[in-house]
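Chemist: First the structure, then my questions, so here it is.
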Amino acid sequence: DAWAGVNYQFKQDDDGPAVLGFGEIALREKHRHSSASFKSAMLGVTTYTAIDPIVFSLTAAYRFNQSRRDGTQDYRPGNLLLLNPSVGFAVNDRVTLTTGVQWTRRQADRFDGQRQGIDRTATDLLLGVGYGVARGNTLNTTFKVNASGRSGTELRANWLYTF
């Protein structure tokens with residue numbers, strides 16, 4: 284899958300926690316038999332406070348999905364709510380180590396209007412590293428392993444460019 288997003292800092296981390304809002308849209312999502320573009324989006328907010336060299340953060344987001352064709356069927360992935368508390372440790376001016384948990388609640392998917400299973404929750408452990416490649420350019424890699432709710436792991440790489 285490929286996603287693109289933007290974020291905006293509403294409040295600095297000064298007399299209280301910083302607040303950032305973000306939005307993302309799926310440029311391309313692969314399904315069982317076909318792919319779709321611009322059919323899923325996510326909106327969320329992150330708040331954090333830094334007590335050098337530690338950063339405490341909390342992210343809450345909602346992902347909503349529109350119907351799309353998957354082969355011969357009408358497919359609508361379930362919408363998703365997530366909460367992600369985490370802790371970051373600034374090793375130096377370029378490297379940050381992170382850990383946290385991610386709780387998700389996902390509605391059941393639908394094929395041709397019929398629910399497939401039930402709504403479900405999952406809890407995952409997240410371990411990551413961020414590297415400041417150059418001023419305004421950060422590469423983040425996160426390893427996500429299931430703690431409850433479903434099986435599987437995920438390795439994700441994100442590039443963040445600051446204007």
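Using the working numbering, read the sequence shown as starting at 284 and increasing by one per residue. Built from N, CA and C at the ideal position, the CB exists for glycine as well.
1. Check whether the Cβ atoms of Thr342 and Asn367 lie closer than 7 Å to each other.
2. For Ser320, count neighbouring C-beta atoms within 10 Å of its own C-beta (all shown protein chains included) and say buried if the count is 16 or more, exposed if not.
3. Quick check on Thr404: buried or exposed, where buried means 16 or more other Cβ atoms within 10 Å of its Cβ?
4. Given this structure, state the Cα-to-Cα distance separating Gly361 from Gly400, to the nearest angstrom.
5. Output needed for Arg351: all residues of its chain with C-beta closer than 7 Å, excluding positions within five of it in sequence on either side, in chain order.
6. If you follow the beta strand (DSSP E) that Asn441 is in, where does it begin and where does it stop?
7. Considering only residues of the same chain and omitting the five flanking positions on each side of Ala333, which have a CB-CB separation below 7 Å?
8. If you draw a straight line from the C-alpha of Ile337 to the C-alpha of Tyr331, how long is it?
9. Would you kindly report the start and end of the unbroken beta strand (DSSP E) that includes Asp357?
10. In chain order, what residues of the same chain have a beta carbon less than 7 Å from the beta carbon of Gly435, not counting five sequence neighbours either side?
11. Helix, strand or coil for Asp296, going by three-state DSSP, please let me know.
12. Terminal residues of the continuous beta strand (DSSP E) containing Asn362?
13. How is Asp376 classed by DSSP in three states: helix, strand or coil?
14. Starting from Lys427, follow the beta strand (DSSP E) in both directions and report where the run begins and ends.
15. Within the continuous beta strand (DSSP E) that includes Phe347, where are the two ends?
16. Can you tell me which of the three DSSP states Lys313 falls into?
Modeler: Once the coordinates are examined:
1. As a first step, residue 342 must be located in the sequence shown, where it is residue number 59. As a first step, residue 367 must be located in the sequence shown, where it is residue number 84. Contact: yes.
2. Counted from its first residue, the sequence shown places residue 320 at position 37. Ser320 is exposed by the Cβ-count criterion.
3. Indexing the sequence shown from 1 puts residue 404 at position 121. Exposed.
4. Residue mapping note: residue 361 aligns to position 78 of the sequence shown, counting from 1. Residue mapping note: residue 400 aligns to position 117 of the sequence shown, counting from 1. Their Cα atoms are separated by approximately 11 Å.
5. Translated into positions along the sequence shown, residue 351 becomes position 68. Ala319, Lys322 and Tyr358.
6. Here residue 441 corresponds to residue number 158 of the sequence shown, with the count starting at 1. Residues Thr436 to Tyr444.
7. Residue numbering aside, residue 333 sits at position 50 when the sequence shown is read from its first letter. Result list for Ala333: Asp296, in chain order.
8. Mapped onto the sequence shown, residue 337 falls at position 54. Mapped onto the sequence shown, residue 331 falls at position 48. The alpha-carbon atoms of Ile337 and Tyr331 are separated by roughly 10 Å.
9. Position 74 of the sequence shown, counted from the first residue, corresponds to residue 357. Unbroken beta strand (DSSP E) run through Asp357: Gln356 to Arg359.
10. Taking the sequence shown and counting its residues from 1, one reaches residue 435 at position 152. Here the set comprises Asn429.
11. In the sequence shown, residue 296 corresponds to position 13, counting from 1. If DSSP states are grouped into helix, strand and coil, Asp296 belongs with coil.
12. For the purposes of this step, residue 362 is taken as residue 79 along the sequence shown, with counting starting at 1. Here Asn362 belongs to no beta strand (DSSP E), and DSSP marks it neither H nor E.
13. On the sequence shown, position 93 is the one that residue 376 refers to. In this structure, Asp376 counts as coil in the three-state DSSP scheme.
14. Here the question's residue 427 lines up with position 144 in the sequence shown. Residues Asn420 to Ser431.
15. On the sequence shown, position 64 is the one that residue 347 refers to. Here the beta strand (DSSP E) through Phe347 covers Ile337 to Asn348.
16. Here residue 313 refers to the residue found at position 30 when the sequence shown is read from its first residue. Residue state, collapsed to three classes: strand.
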